[in-house]
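If you count by the numbering used here, then the sequence shown holds residues 215 to 403, one letter each, in order.
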Amino acid sequence: MLEGQLAASRWRSKFGRPSKLPRLGDVDPTGAYCPFPEDWLQKKFAESVPKPTSRDLVSIGVANSIPFIGFGFLDNFFMLIFGDYIDLYLGSYFCLTTMGAAALGNTLSDIMGIGSAFYVERLANRIGFTPPKLSPIQLDMSCSRNSANAGRVLGVTLGCLLGMCPLLFKKGKDEENEEKVEQMIAEIN
């Protein structure tokens with residue numbers, strides 16, 4: 215009889231869902247205590263941890279941007295070099311379009327980027343661009359994550375722009391055509 219009354223007061227929904235979920239420390243109708251959630255203590259501790267200072271957030275952003283500058287530079291640099299050579303040498307042989315050659319160049323560039331990511335990060339740490347000494351809770355705060363992501367975005371953007379430097383040394387189509395015409399004239403004479 216008592217179990218029926220407890221169940222009637224707890225299960226009220228026609229779908230069998232509890233009408234009131236037990237909260238921390240509440241006693242459920244069977245007389246047992248509601249268990250502590252796994253991360254409850256960590257959340258309580260996180261409330262007392264101060265947020266990182268603005269200087270720490272800038273330092274997080276800079277420390278995250280430096281490796282991405284290197285990655286963006288290497289990625290664009292090798293993509294332009296590989297794509298140009300693939301288009302020039304293999305494009306006509308395999309009937310590749312310029313976009314196909316660019317896609318293959320990007321694939322090879324990404325392989326190079328993955329292979330060099332460890333070395334770029336290690337070089338950045340050796341130069342002295344390390345994140346500030348913050349607790350794991352401070353590094354997991356949304357302001358820290360946003361700062362790190364902003365640094366990565368700015369770093370890869372700057373790196374990609376710098377990685378476009380092979381375009382400065384590439385001859386234009388008009389210059390190539392003029393050279394071909396000059397070579398043909400020289401061969402005729």
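C-beta atoms are modelled at their ideal positions from N, C-alpha and C, and glycine is treated no differently.
Helix, strand or coil at Val263 according to DSSP, with G and I counted as helix: Within the sequence shown, the letter at position 49 stands for residue 263. Of the three classes helix, strand and coil, the one that applies to Val263 here is coil, per DSSP.
Would you mind stating whether Met326 and Phe292 have Cβ atoms separated by less than 8 Å? The sequence position of residue 326 within the sequence shown is 112, counting from 1. The sequence position of residue 292 within the sequence shown is 78, counting from 1. Taking 8 Å as the Cβ cut-off, Met326 and Phe292 qualify as a contacting pair.
Note the first and the last residue of the continuous alpha helix (DSSP H) segment covering Asp289. What you label residue 289 is simply residue 75 of the sequence shown in a count that begins at 1. Here the alpha helix (DSSP H) through Asp289 covers 268-299.
Which of helix, strand or coil does DSSP assign to Met398? On the sequence shown, residue 398 is found 184 positions in, with the first residue counted as 1. The answer is helix: DSSP assigns Met398 an H, G or I state.
What are the start and end residues of each continuous alpha helix (DSSP H) run of 4 or more residues lying completely inside the segment 315-392, in chain order? 350-353, 356-376, 380-383
Skipping 5 residues on each side, what residues in its chain have a beta carbon closer than 6 Å to that of Gly294? Taking the first residue of the sequence shown as position 1, residue 294 is located at position 80. According to the sequence displayed, residue 294 carries Leu and not Gly. Within the same chain, Leu294 has close Cβ partners Pro380.
Drop a sphere of 10 angstroms on the beta-carbon of Asn278, count the other beta-carbons inside from all chains shown, and report buried for 16 or more, exposed for fewer. Here residue 278 refers to the residue found at position 64 when the sequence shown is read from its first residue. Looking at its Cβ environment, which holds 16 or more other Cβ atoms inside 10 Å, Asn278 is buried.
Can you tell me whether DSSP reads Gln219 as helix, strand or coil? For the purposes of this step, residue 219 is taken as the residue at position 5 of the sequence shown. Note on Gln219: pLDDT 46, under 50, position unreliable in the model; no value is reported.
Spell out a yes or no on whether the segment 331-338 and the segment 353-365 are touching, meaning 3 or more CB-CB pairs, one atom from each, closer than 8 Å. no
Give me the Cβ distance between Val370 and Gly297, rounded to the nearest whole Å; I'm assuming they're in contact under 8 Å. Against the sequence shown, residue 370 aligns to sequence position 156. Against the sequence shown, residue 297 aligns to sequence position 83. No, Val370 and Gly297 are not in contact; Cβ-Cβ is about 19 Å, not under 8 Å.
In its own chain, which residues sit with a C-beta less than 7 Å from the C-beta of Gln219, not counting the 5 before and 5 after it? Residue 219 sits at position 5 when you count from the first residue of the sequence shown. Low local confidence applies: a pLDDT of 46 at Gln219 is under 50, so the model's placement there is unreliable, and no value is given.
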